[in-house]
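There are 2 protein chains.
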Amino acid sequence: MTVLLGSVGAAMKFCSNCGQRVSLEVPPGDNRSRYCCASCGAIHYQNPNMVLGTIPAFGERVLLCRRAIEPRYGYWTLPAGFMENDETIAEGAMRETSEETGANVELGELYSVIDVPHVHQVHIFFRARMIDQHLDPGTETLEARLFAESEIPWEQLAFRTVEYTLRRYFEDRRAGVFGTHVAAIRHRTRPGQS
Amino acid sequence: MTVLLGSVGAAMKFCSNCGQRVSLEVPPGDNRSRYCCASCGAIHYQNPNMVLGTIPAFGERVLLCRRAIEPRYGYWTLPAGFMENDETIAEGAMRETSEETGANVELGELYSVIDVPHVHQVHIFFRARMIDQHLDPGTETLEARLFAESEIPWEQLAFRTVEYTLRRYFEDRRAGVFGTHVAAIRHRTRPGQS
């Protein structure tokens with residue numbers, strides 16, 4: 005599903021319950037500003053979102069997708085996308101993998117949980133085993149293909165959470181032990197970086 | 005922070021961008037119903053929320069809180085609450101522990117990640133070590149106290165994610181190895197259960 009990362013945490017102008025203007029205020033008993041409606045009394049909380057994906061492996065190679073959507077059009081990523089209501093994290097990771105690559109995968113263990121606080125997201129990746137080499141990329145993917153470790157386009161990866169996950173994955177594979185990795189990726193402050 | 009679980013996924017009536025009426029529709033290129041605004045074109049996505057907490061241990065005992073708020077007023081829980089924007093999952097788990105118990109804890113490893121799809125939540129618990137026995141419960145907690153395994157009020161626990169986490173925790177402690185546990189808790193359909 006297409007969702008612009010930049011749209012997360014957008015400013016709220018009107019109350020979604022009654023349609024009147026809202027204002028940013030600290031509600032009684034709270035210690036943070038929330039969008040509050042003086043007309044109907046509603047308090048609108050905004051919370052981080054989860055992005056779910058997999059590291060699909062076929063033998064020694066892993067599957068990457070080249071993005072057909074912004075942000076990061078044309079860059080390579082692991083299959084991943086926003087978690088939907090009514091699904092589990094495992095179901096969401098499988099759904100995104102299927103939608104973006106068409107691959108037949110068997111889900112493995114939870115692999116990485118990476119905070120990206122400046123965009124209000126947590127990225128979660130599972131290991132996954134491709135059952136065959138069938139691929140049928142969806143409309144959000146320009147192409148999907150398998151890469152050996154030596155072929156990974158490190159400079160052309162879409163997101164730092166993908167780079168983090170792939171680097172740990174190959175390290176763990178060499179060590180012969182896959183752990184569960186928790187990390188945080190902070191906003192880059194140096195000029196020229198995003 | 006006080007948030008009613010029942011308020012998650014509330015129906016949207018008006019566009020938060022322009023204040024006009026919204027309707028539930030499947031946007032072009034999507035396969036799920038979203039709240040869409042015909043007036044300004046905004047699509048409003050609703051996604052699951054994360055609840056973050058800890059299992060604070062002091063020696064052989066773990067710290068539970070008796071809830072001073074609904075839902076489950078008067079029942080026992082591990083300290084936990086909704087993740088806020090601009091924080092990491094570790095920071096959120098520490099913040100909730102501090103707000104609800106006042107305990108001085110050192111955060112440990114990620115312990116459990118539990119889907120609760122029927123309320124659009126994922127509950128995440130970390131292990132934690134209490135540095136001393138200092139407690140200073142906040143306004144959402146009637147009392148906080150340490151329990152040995154044999155003293156845990158299993159029938160008076162507020163949430164099944166708390167029960168799941170505590171049962172695994174004591175099993176793992178007996179086995180001498182703490183893993184990371186991923187699980188899903190589904191809606192109960194038998195009469196008389198909630």
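Protein sequence lines correspond, in order, to chains A and B. Basically my numbering = 1-based index in the first sequence + 4. Basically my numbering = 1-based index in the second sequence + 4. Note that CB positions come from ideal geometry on N, CA and C, so glycine has one too.
Delimiting residues of the beta strand (DSSP E) encompassing residue i
{"i": "V130/B", "result": "Here residue 130/B is Phe; the residue named in the question, Val, does not match the sequence. Note, F130/B: beta strand (DSSP E), 125–134."}
{"i": "E110/A", "result": "109–120"}
{"i": "E147/A", "result": "145–151"}
{"i": "A188/A", "result": "185–188"}
{"i": "A84/B", "result": "84–86"}
{"i": "I93/B", "result": "Run containing I93/B: none in the beta strand (DSSP E); it sits in the alpha helix (DSSP H), 93–105."}
{"i": "G63/B", "result": "That residue, G63/B, is in no beta strand (DSSP E); it is neither H nor E in DSSP."}
Contact belief for residue i with residue j at Cβ below 8 Å, rounded distance in angstroms
{"i": "T184/B", "j": "L114/A", "result": "6 Å"}
{"i": "Y39/B", "j": "V30/B", "result": "Their Cβ separation, rounded to whole angstroms, is 11 Å, which puts Y39/B and V30/B out of contact at 8 Å."}
{"i": "T101/B", "j": "T143/B", "result": "Not confirmed; about 15 Å, so no contact."}
{"i": "V120/B", "j": "I128/B", "result": "V120/B to I128/B, Cβ: 11 Å. No contact."}
{"i": "W80/A", "j": "L68/A", "result": "5 Å"}
{"i": "A148/B", "j": "P141/B", "result": "5 Å"}
{"i": "N53/A", "j": "F86/A", "result": "6 Å"}
{"i": "R99/A", "j": "E91/A", "result": "7 Å"}
{"i": "T169/A", "j": "L82/A", "result": "7 Å"}
Any chain B beta carbon closer than 8 Å to residue i
{"i": "V30/A", "result": "no"}
{"i": "D176/A", "result": "no"}
{"i": "I59/A", "result": "no"}
{"i": "V181/A", "result": "no"}
{"i": "A188/A", "result": "yes"}
{"i": "L114/A", "result": "yes"}
{"i": "V66/A", "result": "no"}
{"i": "T169/A", "result": "no"}
{"i": "V117/A", "result": "yes"}
Beta carbon proximity, residue i to chain A, threshold 8 Å
{"i": "E88/B", "result": "yes"}
{"i": "H127/B", "result": "no"}
{"i": "P83/B", "result": "no"}
{"i": "H124/B", "result": "yes"}
{"i": "T6/B", "result": "Annotation note: pLDDT 40 at T6/B (below 50); position unreliable, no value reported."}
{"i": "T184/B", "result": "yes"}
One or two residues paired with residue i in a DSSP bridge
{"i": "E29/A", "result": "R38/A"}
{"i": "W80/A", "result": "R70/A, L161/A"}
{"i": "F18/A", "result": "R25/A"}
Extent of the continuous alpha helix (DSSP H) run through residue i
{"i": "A46/B", "result": "Neither: A46/B is in no alpha helix (DSSP H) and is coded neither H nor E."}
Interface positions of the region 12–24 of chain B facing chain A (Cβ-Cβ less than 8 Å), listed along the chain: G13, A14, M16, K17, F18, C19, S20, N21, C22, G23, Q24
When Cβ atoms are compared, which residues of the region 97–112 of chain A fall closer than 7 Å to chain B? none
So if I threshold CB-CB distances at 8 Å, which residues from the region 135–161 of chain A count as touching chain B? T143
Tell me which residues of the region 68–81 of chain B have at least one Cβ-Cβ distance to chain A shorter than 8 Å, keeping chain order. none
Under 7 Å, CB to CB, which of the residues in the region 31–48 of chain A have a partner in chain B? G33, D34, R36
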